[in-house]
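**Q** Next up is a structure, given as structure tokens.
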């Protein structure tokens, strides 16, 4: 019995940091409508700075002073980020906001390693809370008890701040109607900046308070952000009480989940999240949102099928691509195969995101499931390659069917967070369930059969499949199903009103996109000869998003160009620098802020401009990115 | 002149909404902007207060050019705006709604306090702690006006204050507007209801399809039934 009580208290203590970070995320979202992906990064910087300060400053005051000082310092960094980056993208579609803050996260990960090194850092114990308390033979660290006491205090302070101060009243008013607040003479800019500072302060405090419990390391940002997304999805985005309750719930589920499913403890959290989503899609304490803002779909040029000339041009490009083995060496062919595979991946996400308006932040899950599907079939069942290639993607299909069912119940940022959380769950299973997946060591020796083994043959295979997939998905865009899907993207309510089952359409699109990604993953397993949990990781999901974005979200064929350019750049970049995340992160922010239409979008715009010879300063050029509100 | 609008053009995306709108409001005057639904009255107000991004033209308020200033700065100059559809903060109580509107005293405008506003709108005083979402339409309309007055404006733009209200509440609204006028606040009011406008206004402009097509005193408007009938649905 005592053991369970201790386990319960450990869960409560873990909830403290989770609550701090999640409440910060919620507050920021409430006012600015930005889901700050970089919140995990601020949490991590808080921990690192607190680590350095506690090493330098001595004594009891030194420790606690360092914790607070670290949080303040990070809040100031947050202010800088808000003024330089976020102010430019408040009116951009959600996808751009998520991507820009993700780019920031990537940069922080590399910067942190540059400054503090790659090793885990073990922080000092908190003065006055070094020992443990004996509870019927079980030890409870006294610092845990401190944390357990802290979260209700923070909750109380936040409540007072929001209910009893003018600032709090303004923030709550702005949460509901930003323009009206401005129309009453309140400077929104500073209100937003101050809200962001408070939110970041909470995240950094959460990180700083972790150092006596956990080692500080450079991957703690993604771990916490995924948990925080789960917390806000369960608790309801924008609700501080919801963040508190859900943080406790998730931490307890983790604490006891380890006892029930030691290998895949995260399953329990997933089950609870699924139930909450079915019963209350907007979270336990959230409020139903008005239909979400349009994601990327503000199409300036109506989409049309290719003209016959354009078809010929596309065919010519394919033929030219097919001649690569005639003059290129093995390395180039392997790169070519990889690019072809990523075209499949990017095209599948494009279908979901640009055609369906559902920006998934966890699309790699289905890519990776396809790869694992092949590995299982080839290694365990010993099936021939063709069969594996045909059946392997079915694992991606099934994953997409299950997760997609829940994901399409939501839209906008909720959809993005949920897909990310699902992908991370799949990743954890691949990582933790060592007996089946090989864990971190992956599954090795998935080699193609003789007929496809030579680099040129494999290249032709990948290129052929990529071409087929692209044509098939493109045909679907201009099919009745494609029209229905685009209708759900442009207006869910109107689509329902003309008798289309919108959720069913979206779910179908999700499954199609997931299966297609699985096809890419299946080929990828054979290309690399192995499968690892990274094949389902967040960074791969974001790679896909950047490819689509780079090509142009609003175009039909941008994903192909985006995948080719991005993958080629990426492979080159990794060979050139160790700081690829830093460069990549900066690159993502640059596209979002300066170049939001992507390559193909820009080209189309130029072509249209030439056709129309529109006067200088036309609205197309004048406004960088604006939502169609 | 208190407020002068010249050559105001506004766009929503590719759509051109306002065409060279121009009108004037004198010190202490009540001016009505009349016109049918969708004529451009609300867009005119939103443009003046800086809530429409794509706008050109000159807006002079108390001798200062405020055309290019951000919304909150325009409002802080003393140009109050009461939107249509009320836009009450439904989660906030009456007192909190008023708090959002509070701005410092201004030398050239009457100073409004909670007490003074509760005297002007007695209903509000009886429900200080009620959330805005649980009030009737009339009470919400009073609250939006009171909320804007908390900013001590010297000119208030009222967007369709009588819309959807019962005759009894409309009467109270007329009294409230006349009290504001007596206190020295200049007022621009947009209306579809000519009878309501007549009760409070000194002068009127008629807006039709984004253009001003008449401007004059109420007596001049009454002398031109042709214009009245062509542009206003009675």
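Residue numbers (the numbering used here), protein chains in the order written: chain A, 1043 to 1671; chain B, 39 to 272.
By construction, the Cβ of each residue, glycine as well, lies at the ideal position given by its N, Cα and C atoms.
Kindly list, in the order they appear in chain A, the residues whose Cβ is closer than 7 Å to that of residue 269 (chain B).
**A** Counting from one through the second chain, the residue named residue 269 (chain B) turns up at place 231. Correct list: empty, because the minimum Cβ distance to chain A is about 28 Å.
**Q** Tell me which same chain residues have a C-beta within less than 7 Å of the C-beta of residue 1586 (chain A), skipping the five on either side of it?
**A** Looking up residue 1586 (chain A) in the first chain gives position 544. These residues qualify, in order along the chain: 1387, 1388, 1391, 1405 and 1406.
**Q** Could you tell me if residue 150 (chain B) is buried or exposed, where buried requires 16 or more neighbouring beta carbons within 10 angstroms of its beta carbon?
**A** Along the second chain, read from residue 1 onward, the residue named residue 150 (chain B) stands at position 112. Buried, because 16 or more other Cβ atoms sit within 10 Å of the Cβ of residue 150 (chain B).
**Q** Identify which residue in B:209, B:247 and B:197 has its Cα closest to the Cα of residue 69 (chain B).
**A** Along the second chain, read from residue 1 onward, the residue named residue 69 (chain B) stands at position 31. For the residues B:209, B:247 and B:197, the minimum Cα distance to residue 69 (chain B) belongs to B:197.
**Q** Taking C-alpha atoms, which residue in B:161, B:260, B:118 and B:265 lies nearest to residue 240 (chain B)?
**A** Counting from 1 along the second chain, the entry for residue 240 (chain B) is found at position 202. Of the listed residues, the one whose Cα sits closest to residue 240 (chain B) is B:260.
**Q** In chain order, what residues of the region 1221-1244 of chain A put their CB closer than 9 Å to some CB of chain B?
**A** Within the region 1221-1244 of chain A, the qualifying residues are 1221, 1222, 1223, 1224, 1225, 1226, 1227, 1228, 1229, 1230 and 1231.
**Q** Label residue 164 (chain B) either buried or exposed according to how many other C-beta atoms from any shown protein chain fall within 10 Å of its C-beta, with 16 as the threshold for buried.
**A** Here residue 164 (chain B) refers to the residue found at position 126 of the second chain. Exposed, by the Cβ-count rule.
**Q** Does any C-beta atom of chain A lie closer than 7 Å to the C-beta of residue 262 (chain B)?
**A** Translated into the one-based positions of the second chain, residue 262 (chain B) becomes position 224. For residue 262 (chain B), the answer is no, since every Cβ of chain A falls outside 7 Å of its Cβ.
**Q** Pull the bridge partners of residue 101 (chain B) from the DSSP assignment, please.
**A** Numbered from 1 along the second chain, position 63 holds the residue referred to as residue 101 (chain B). Residue 101 (chain B) is not bridged to any residue.
**Q** Quick one: is residue 156 (chain B) near chain A, going by C-beta distance under 7 Å?
**A** Along the second chain, read from residue 1 onward, the residue named residue 156 (chain B) stands at position 118. Closer than 7 Å: no.
**Q** Pick out whichever of A:1055, A:1294 and A:1288 has its Cα sitting closest to the Cα of residue 1192 (chain A).
**A** As a first step, residue 1192 (chain A) is located in the first chain; it is residue number 150 there, counting from the start. The shortest Cα separation from residue 1192 (chain A) among A:1055, A:1294 and A:1288 belongs to A:1055.
**Q** Please classify residue 1076 (chain A): does DSSP put it in a helix, a strand, or coil?
**A** Here residue 1076 (chain A) is taken as the residue at index 34 of the first chain, counted from 1. Residue 1076 (chain A): coil per DSSP, three-state reduction.
**Q** Output yes or no for whether 7 Å exceeds the beta carbon distance between residue 73 (chain B) and residue 56 (chain B).
**A** Residue 73 (chain B) sits at position 35 when you count from the first residue of the second chain. Residue 56 (chain B) sits at position 18 when you count from the first residue of the second chain. Not closer than 7 Å, so no.
**Q** Between the Cα of residue 191 (chain B) and the Cα atoms of B:110, B:114 and B:63, which residue gives the shortest distance?
**A** In the second chain, the residue the question calls residue 191 (chain B) occupies position 153. When only C-alpha atoms are compared, the closest one is B:114.
**Q** Apart from the five residues on each side of it in sequence, which residues of its chain come closer than 6 Å, Cβ to Cβ, to residue 1148 (chain A)?
**A** Position 106 of the first chain, counting from 1, holds the residue named residue 1148 (chain A). The residues are 1623, 1626 and 1627.
**Q** Exposed or buried, which one is residue 1043 (chain A) when buried takes at least 16 other CB atoms within 10 Å?
**A** Position 1 of the first chain, counted from the start, is the residue given in the question as residue 1043 (chain A). Exposed, since its Cβ has fewer than 16 Cβ neighbours within 10 Å.
**Q** Could you confirm whether any beta carbon from chain B is found closer than 7 Å to the beta carbon of residue 1219 (chain A)?
**A** Here residue 1219 (chain A) refers to the residue found at position 177 when the first chain is read from its first residue. Closer than 7 Å: yes.
**Q** Quick one: which residues of the region 1197-1214 of chain A get their C-beta closer than 8 Å to a C-beta of chain B? List them in chain order.
**A** So the close ones are 1208, 1211, 1212 and 1214.
**Q** Is it buried or exposed for residue 1338 (chain A), if we count other Cβ within 10 angstroms and need 16 for buried?
**A** Sequence index remark: in the first chain, residue 1338 (chain A) carries index 296 (1-based). With a pLDDT of 43 at residue 1338 (chain A), under the threshold of 50, the modelled position of that residue is not reliable, and the figure given next carries that caveat. Classification for residue 1338 (chain A): buried.
**Q** Roughly how many whole angstroms lie between the Cα atoms of residue 1270 (chain A) and residue 1289 (chain A)?
**A** As a working note, residue 1270 (chain A) is residue 228 in the first chain. As a working note, residue 1289 (chain A) is residue 247 in the first chain. In a straight line, the C-alpha of residue 1270 (chain A) is about 8 Å away from that of residue 1289 (chain A).
**Q** For residue 1053 (chain A) versus residue 1239 (chain A), is the C-beta distance shorter than 7 Å?
**A** Taking the first residue of the first chain as 1, we reach residue 1053 (chain A) at position 11. Taking the first residue of the first chain as 1, we reach residue 1239 (chain A) at position 197. Against a cut-off of 7 Å, the Cβ pair of residue 1239 (chain A) and residue 1053 (chain A) comes out as no contact.
**Q** Would you list, in chain order, the members of the region 174-187 of chain B that have their beta-carbon closer than 8 Å to a beta-carbon of chain A?
**A** Answer in chain order: 185 and 186.
**Q** Quick check on the burial criterion: 16 or more other C-beta atoms within 10 angstroms. Buried or exposed for residue 143 (chain B)?
**A** Locating residue 143 (chain B) in the second chain gives position 105, counting from the first residue. Counting Cβ neighbours within 10 Å, residue 143 (chain B) comes out exposed, since fewer than 16 surround it.
**Q** By Cβ distance below 6 Å, which residues in the same chain neighbour residue 94 (chain B) in space, the five residues on each side in sequence not counted?
**A** Locating residue 94 (chain B) in the second chain gives position 56, where the first residue counts as 1. Same-chain partners within the cutoff: 47.
**Q** Which partner residues does residue 1296 (chain A) have in the DSSP bridge list?
**A** Residue 1296 (chain A) sits at position 254 when you count from the first residue of the first chain. For residue 1296 (chain A), which the question treats as bridged, DSSP gives no partner whatsoever.
**Q** Indicate the three-state DSSP secondary structure (helix, strand or coil) for residue 1335 (chain A) in the structure shown.
**A** Translated into the one-based positions of the first chain, residue 1335 (chain A) becomes position 293. Bear in mind that the predicted position of residue 1335 (chain A) carries a pLDDT of just 47, short of 50, making it unreliable; the figure below should be weighed with that in mind. Residue 1335 (chain A): coil per DSSP, three-state reduction.
**Q** Establish whether the CB of residue 110 (chain B) and some CB of chain A are separated by less than 7 Å.
**A** By 1-based counting over the second chain, the position of residue 110 (chain B) is 72. Yes, contact with chain A.
**Q** Would you mind working out which of A:1129, A:1261 and A:1140 sits nearest residue 1083 (chain A), comparing C-alpha positions?
**A** The count along the first chain starts at 1 and reaches residue 1083 (chain A) at position 41. It is A:1261.
**Q** How would you call residue 263 (chain B), buried or exposed, if buried means at least 16 neighbouring beta carbons within 10 angstroms?
**A** One-based indexing of the second chain puts residue 263 (chain B) at position 225. When all chains shown are included, residue 263 (chain B) counts as exposed.
**Q** Assign residue 1081 (chain A) to one of two classes, buried (16 or more other C-beta atoms within 10 Å of its C-beta) or exposed (fewer than that).
**A** For the purposes of this step, residue 1081 (chain A) is taken as the residue at position 39 of the first chain. The residue in question, residue 1081 (chain A), is buried, as its Cβ has 16 or more Cβ neighbours within 10 Å.
**Q** Start and end of the beta strand (DSSP E) containing residue 118 (chain B)?
**A** Within the second chain, numbered from 1, the residue matching residue 118 (chain B) stands at position 80. Where residue 118 (chain B) is concerned, the enclosing beta strand (DSSP E) stretches over 117-120.
**Q** If you reduce the DSSP assignment to three classes, tell me which class residue 1059 (chain A) lands in.
**A** To locate residue 1059 (chain A), count along the first chain from 1; it is residue 17. Helix.
**Q** Looking at the secondary structure, which residues open and close the beta strand (DSSP E) in which residue 228 (chain B) lies?
**A** Here residue 228 (chain B) is taken as the residue at index 190 of the second chain, counted from 1. Its beta strand (DSSP E) spans residues 224-229.
**Q** Determine the direct distance from the alpha carbon of residue 1279 (chain A) to that of residue 1095 (chain A), and round the result to whole angstroms.
**A** Within the first chain, numbered from 1, the residue matching residue 1095 (chain A) stands at position 53. Within the first chain, numbered from 1, the residue matching residue 1279 (chain A) stands at position 237. About 33 Å.
**Q** Output yes if chain A places a C-beta closer than 7 Å to the C-beta of residue 127 (chain B); else output no.
**A** Taking the second chain and counting its residues from 1, one reaches residue 127 (chain B) at position 89. Residue 127 (chain B) counts as touching chain A.
**Q** Name the chain A residues that come within less than 9 Å of residue 152 (chain B), Cβ to Cβ?
**A** Sequence index remark: in the second chain, residue 152 (chain B) carries index 114 (1-based). Here the premise fails: no neighbours, minimum Cβ distance about 14 Å.
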